[in-house]
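All remarks here apply to the structure that follows.
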């Protein structure tokens, strides 16, 4: 071990089992092997995917794990041979970086032939692999360090603030959906849902050429106000317009073409949320499904009426890859977009479980409803 790590330990929060506890332990800080890198974590976003992983036992993961995949930090140490990031920018200790949590093999059919590495047969991800009670321990974003140990890992240098950089992974999810949508100038875009992904979609759709963006949210007026700040031209609160037929008529009337949205993004993680989007998309329009990243059940679907007669494209957009992160980087760095305003809670590592509980139950934390909570391991424990 080097002098840096011989006498030093750091913290990592390990989830011991499904529906279990995030147990904070101290472990030796590893030296990066050749081709590896040690990252000092500044912020890690608390994602709904992590909450789902915490609450479910049937997802084939070997516990304990160290969750957290929306990570920004600085280079603490470089392994031999590491001199640049993924796109060739020189790297040195102290540089701010983001890491793509998904690790692809680049050799299977989906990586090499289908050009959809998000479907990689050998896919792994930081935050769920490998077991975190074995070396190197620092395998997820909920801790002081991340050890970037897999040779297929992708790292990007970032010339922006941590409060913007922490949104790189969520924005890459949005970029993936935008590439599917192919928004054109003059388009009316509907974004169903005003959680973090929905709010980022509003902003990205606007700068991607949408002439009118309509955002729909269920009840959270703080999020609806943020949607306007992010560029929505019209916001709809379902509490004010509770009937689906009324919302359908409103969207049609508000669309620039008078016949409905050219593109609809569903960012709500419910089956009924997807069903509602079928009412908003115009004939021959495009519906991009982003929100149902876990099984939320089934809905009645008529292939004739809902698909064939409408002539729509329905596209599932799941996960992301290096290209999406590269394209997301200038978006999160764009000072025209008030992205840091999405962060409502910046909390120390010791309150991780508390924040996950609040997200799971939809309750307030410290008297404020959560839009986006981020863990800052640099903060003192309360």
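In our numbering, the protein residues as written are 268 to 649. We put the beta carbon where it would ideally sit given N, CA and C, even for glycine.
- In the structure shown, the three-state DSSP call for residue 623 is helix.
- Here the alpha carbons of residue 467 and residue 593 stand approximately 16 Å from one another.
- The segment 532–547 and the segment 285–299 do not touch, with fewer than three beta-carbon pairs separated by less than 8 Å.
- For residue 612, the enclosing beta strand (DSSP E) starts and ends at 610–614.
- Taking a C-beta distance under 9 Å as the contact criterion, residue 413 and residue 366 qualify as a contact pair.
- Taking the Cα positions, residue 482 is about 17 Å away from residue 438.
- Judged by their CB atoms, residue 641 and residue 441 are not nearer to each other than the 9 Å cut-off.
- The Cβ atoms of residue 417 and residue 530 lie no closer than 9 Å to each other.
- If the five residues before and after residue 360 are omitted, its C-beta is found closer than 6 Å to the C-beta atoms of 342, all from its own chain and listed in chain order.
- In the DSSP annotation of this structure, the continuous segment of the alpha helix (DSSP H) that includes residue 468 starts and ends at 463–474.
- With a cutoff of 9 Å on beta-carbon distance, residue 623 and residue 318 are scored as near each other.
- Rounded to whole angstroms, the Cβ separation of residue 425 and residue 503 is 35 Å, and the two are not in contact under 8 Å.
- By the neighbour-count criterion, in which a residue is buried when 16 or more other Cβ atoms sit within 10 angstroms of its Cβ, residue 629 is exposed.
- Residue 393 is classed as buried because its beta carbon has at least 16 other beta carbons within 10 Å across all chains shown.
- Cβ-Cβ separation between residue 373 and residue 390: approximately 11 Å, too far for a contact (criterion under 8 Å).
- Assigned with DSSP and collapsed to three states, residue 497 falls in coil, not helix or strand.
- Per the DSSP secondary-structure output, residue 304 pairs in a beta bridge with 345, 415.
- Assigned with DSSP and collapsed to three states, residue 445 falls in helix.
- If you draw a straight line from the Cα of residue 334 to the Cα of residue 383, it is about 25 Å long.
- Sequence-distant Cβ neighbours of residue 395 in its own chain, meaning closer than 6 Å and more than five residues away, are 328, 332.
- Between residue 589 and residue 353, the C-beta gap is smaller than 9 Å, which places the two residues in contact.
- DSSP places residue 369 within a strand segment (E or B) once states are collapsed to three.
- Within the model, the alpha-carbon separation for residue 627 versus residue 560 is close to 15 Å.
- It is roughly 9 Å from the alpha-carbon of residue 647 to the alpha-carbon of residue 614.
- Annotation: residue 621 to residue 632 spans about 8 Å, alpha carbon to alpha carbon.
- Burial check for residue 288: the Cβ neighbour count within 10 Å stays below 16, so the residue is exposed.
- For residue 387 and residue 508, the gap between their C-alpha atoms comes out near 42 Å.
- If you ignore the 5 residues before and after residue 543, its C-beta comes within less than 7 Å of the C-beta of 459, 511, all in its own chain and listed in chain order.
- Judged by beta-carbon spacing, residue 469 lies within the 9 Å limit of residue 494, meaning their Cβ atoms are closer than that value.
- With contacts defined as CB atoms closer than 9 Å, residue 479 and residue 461 fail to qualify as a contacting pair.
- Excluding the 5 residues flanking it on each side, residue 356 has same chain C-beta neighbours closer than 7 Å at 424, in chain order.
- By the beta-carbon neighbour count (other beta carbons within 10 angstroms, threshold 16), residue 587 is buried.
- Runs of the beta strand (DSSP E) lying entirely within the segment 517–596 and spanning at least 3 residues, in chain order: 528–533, 548–556, 580–583.
- Under DSSP, residue 410 takes part in a beta bridge, and its partners are 279.
- Burial is judged here by how many other beta carbons sit within 10 angstroms of a residue's own beta carbon; residue 556 has at least 16 and is buried.
- Shown here, residue 395 sits in coil according to DSSP, grouped into three states, outside any helix or strand.
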